[in-house]
Each structure stands twice: as C-alpha cells, then as structure tokens.
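So the first sequence is residues 286 to 507, counted in the numbering used here.
Please read the structure below before turning to the comments.
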Amino acid sequence: MKLRAPPTSEDELFQRARRLAGRDLSWLAKRLDRPVPPDLKHDKGWIGHRLEEALGATAGNLADCDFPKLGIELKTLPTDENGKVSGSTFVCGAPYDGGGGRHWESCWVRKKLHRVLWVPIVGGGYVGSRRIGTPLMWTPDAEEEAILSADYTELARILHSGELDQISGKRGQALQLRPKALHGDQTTWMLDDEGEWARAMPRAWYLRAKFTRRMLEKAFLL
DNA sequence: GTGTGATCATCT
DNA sequence: AGATGATCACAC
Numbered sequence: 286m287k288l289r290a291p292p293t294s295e296d297e298l299f300q301r302a303r304r305l306a307g308r309d310l311s312w313l314a315k316r317l318d319r320p321v322p323p324d325l326k327h328d329k330g331w332i333g334h335r336l337e338e339a340l341g342a343t344a345g346n347l348a349d350c351d352f353p354k355l356g357i358e359l360k361t362l363p364t365d366e367n368g369k370v371s372g373s374t375f376v377c378g379a380p381y382d383g384g385g386g387r388h389w390e391s392c393w394v395r396k397k398l399h400r401v402l403w404v405p406i407v408g409g410g411y412v413g414s415r416r417i418g419t420p421l422m423w424t425p426d427a428e429e430e431a432i433l434s435a436d437y438t439e440l441a442r443i444l445h446s447g448e449l450d451q452i453s454g455k456r457g458q459a460l461q462l463r464p465k466a467l468h469g470d471q472t473t474w475m476l477d478d479e480g481e482w483a484r485a486m487p488r489a490w491y492l493r494a495k496f497t498r499r500m501l502e503k504a505f506l507l
C-alpha cells in the first residue's frame with residue numbers, strides 16, 4: 286500500500302476530497318488495493334481508515350488531529366440515500382477526570398471539533414456500494430458553539446462528580462456520553478462520588494445525528 | 001490500558 | 001425508525 290503524502294494546505298485537502306465525491310467504496314478499495322469486507326461487523330473503522338489513506342492523513346497518530354499541520358480533523362458521516370445523517374459521530378474518549386479539562390475553552394472536544402472535514406458516506410447495505418458524498422469543511426458557528434459549550438459543561442460536571450448513575454446517553458442536546466469499550470466487562474478507573482477509586486465502563490463523547498443532520502442542512506440547503 | 005476509526009444490536 | 005447501550009479491529 287502506498288500512502289499519499291499529506292496535503293500541504295487546507296485547500297489541497299479539500300480538493301482531494303472533492304475529487305473522491307461520487308465514487309463508491311468499491312472503487313476506492315480497488316484504488317487502495319484493499320479488499321472490501323462483506324460487512325463492518327468485525328471492522329467498524331474500515332471506511333474511516335480508507336478515507337484517511339486516500340486523503341493522506343497521518344497514520345497511527347495518537348491524541349491528535351488527522352492533519353496536525355493543518356489543524357484539521359477528518360470524519361466520515363453515514364447518511365441515507367437522501368443525504369440525511371443516519372448515525373451518531375464519535376468525537377473522543379471521555380476520561381472521568383473531566384476529559385482534558387473541565388472547561389469548554391480548553392477541552393479536547395472543542396479542539397477536535399474546531400475544524401472538521403466531513404465526508405458523507407451515502408447509502409447503507411453492502412459496503413462497496415456506498416458512495417462518497419460532497420465534503421464539507423466545517424467550523425462550528427456561534428449557535429452550534431453555544432450548544433456544544435452548554436452540553437459539555439453540564440456533562441463534564443457529571444463525569445467529574447463521580448455520580449455514575451447520572452451518566453446517560455439521554456443527556457445533552459448535541460453532545461452525549463456513551464459507553465466505549467472492547468467488551469462489556471471492560472473497565473477503567475474513576476473517582477466515585479465519595480472520592481474512592483472505583484471501576485467503571487469507559488465512556489466517550491459523541492455528536493448526536495440530529496446535530497450533524499442540521500449542520501449538513503445548513504451547509505447544503507441554504 | 002488508552003488512543004484511533006466507528007457501527008452493531010436491541011429496546012422503546 | 002430513532003436512540004441508547006454494547007461492541008469490533010488495530011497501533012502504541
């Protein structure tokens with residue numbers, strides 16, 4: 286496999302993504318010399334990894350953007366045939382110490398979402414027949430930023446409080462906290478509400494489909 | 001174990 | 001159908 290060199294500018298990255306639009310994933314897999322899996326049950330990150338390869342994202346980077354030099358995060362976004370977002374979007378892990386800071390201004394979530402290249406993946410069913418949609422280079426507008434900030438502040442407070450039973454995917458308008466593990470019995474350490482070390486299921490930050498759906502509508506219908 | 005990439009399975 | 005909780009693979 287030959288990795289593409291990282292793009293040197295935001296515009297170059299966006300143009301690369303634009304040239305992929307309209308192609309299906311069978312085409313992309315062939316171009317990357319990769320087999321298309323029958324489904325994603327055992328390789329849920331397959332689509333994301335193929336887009337990273339195709340666009341020249343830095344391989345194997347940890348706790349950083351996909352394009353560190355450009356400060357841009359790459360995310361695929363599953364949609365139905367009409368371009369309507371059909372699932373939530375993983376953002377980053379949510380450690381129980383508050384997740385890179387309790388304050389929105391300095392947290393990982395804000396840093397990750399400051400500049401995102403969204404690549405819609407259109408259609409369901411057989412992976413190879415899903416198509417790459419029109420990309421969107423995005424920064425939260427004032428309204429979106431306010432919603433994210435409010436959600437984060439509330440949820441980070443709960444995380445830090447150690448009140449495990451208060452953590453629920455039902456909370457949050459745009460951001461939510463959900464389990465993120467390899468197995469149901471996987472645990473990590475946390476401080477409970479009495480300040481004692483305890484085991485708990487790892488959690489992560491996600492964007493609700495409602496939020497990204499509205500985001501795409503703003504960008505493409507207005 | 002924690003980070004990356006997410007979708008699957010199930011219940012309402 | 002939409003949403004929540006559970007799960008899969010790989011790098012380091």
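For each residue, glycine too, the CB sits at the ideal point set by N, CA and C.
Whole-number beta carbon distance between residue j and residue i, since they are thought to touch under 8 Å
i: Val549; j: Asp324; result: Past the edges of the chain, shown from 286 to 507, lies residue 549, and the structure says nothing about it.
i: Ala525; j: Leu462; result: For the chain, the structure presents residues 286 to 507; residue 525 sits outside this window and is missing.
i: Asp328; j: Glu337; result: Not a contact, Cβ separation roughly 14 Å.
i: Thr374; j: Ile406; result: That belief does not hold up - the Cβ atoms of Thr374 and Ile406 are roughly 12 Å apart, past 8 Å.
i: Arg498; j: Lys369; result: 6 Å
i: Ala485; j: Leu449; result: 6 Å
i: Arg289; j: Ile357; result: At roughly 15 Å, the Cβ-Cβ gap does not stay under 8 Å, so Arg289 and Ile357 are not in contact.
Spatially closest choice to residue i from the options, by CA coordinates
i: Asp349; options: Val370, Lys315, Trp393, Arg387; result: Trp393
i: Ala409; options: Met422, Leu402, Leu362, Ile432; result: Per the sequence shown, the amino acid found at residue 409 is Gly instead of Ala. The shortest Cα separation from Gly409 among Met422, Leu402, Leu362, Ile432 belongs to Leu362.
i: Leu444; options: Gly386, Pro405, Arg395, Arg493; result: Gly386
i: Leu398; options: Ile432, Glu481, Gly418; result: Ile432
i: Gln451; options: Leu460, Glu439, Gln458, Ala459; result: Glu439
i: Lys455; options: Trp490, Met422, Asn367; result: Trp490
i: Val404; options: Arg415, Ala441, Val321; result: Arg415
i: Asn367; options: Pro464, Thr419, Glu429; result: Thr419
i: Gly469; options: Arg488, Gly457, Ala483; result: Arg488
i: Tyr437; options: Lys326, Trp389, Ser311; result: Trp389
CA-to-CA distance, residue j to residue i, given in whole angstroms
i: Leu355; j: Leu340; result: 13 Å
i: Thr472; j: Arg304; result: 42 Å
i: Gln300; j: Ser371; result: 25 Å
i: Asp296; j: Pro353; result: 15 Å
i: Arg308; j: Asp478; result: 51 Å
i: Gly330; j: Ser446; result: 32 Å
i: Leu501; j: Thr424; result: 12 Å
i: Met286; j: Asp426; result: Low local confidence applies: a pLDDT of 41 at Met286 is under 50, so the model's placement there is unreliable, and no value is given.
i: Ala302; j: Ala435; result: 32 Å
i: Glu481; j: Met475; result: 8 Å
i: Leu460; j: Ser391; result: 16 Å
i: Pro291; j: Leu492; result: 27 Å
i: Met422; j: Asp382; result: 31 Å
i: Gln458; j: Ala504; result: 20 Å
i: Ser294; j: Thr343; result: 14 Å
i: Trp312; j: Lys326; result: 21 Å
Review point. Of all the alpha helix (DSSP H) runs that stay within the bounds of the stretch 315 to 340, which reach a length of 4 or more residues?
Key: As far as the stretch 315 to 340 is concerned, its whole alpha helix (DSSP H) runs of at least 4 residues are 331 to 340.
task = Pick out the complete beta strand (DSSP E) segments inside the stretch 380 to 407, 3 residues or longer, and give them in chain order.
result = 401 to 407
At 4 residues or longer, what runs of the alpha helix (DSSP H) sit wholly inside the stretch 419 to 474?
427 to 446
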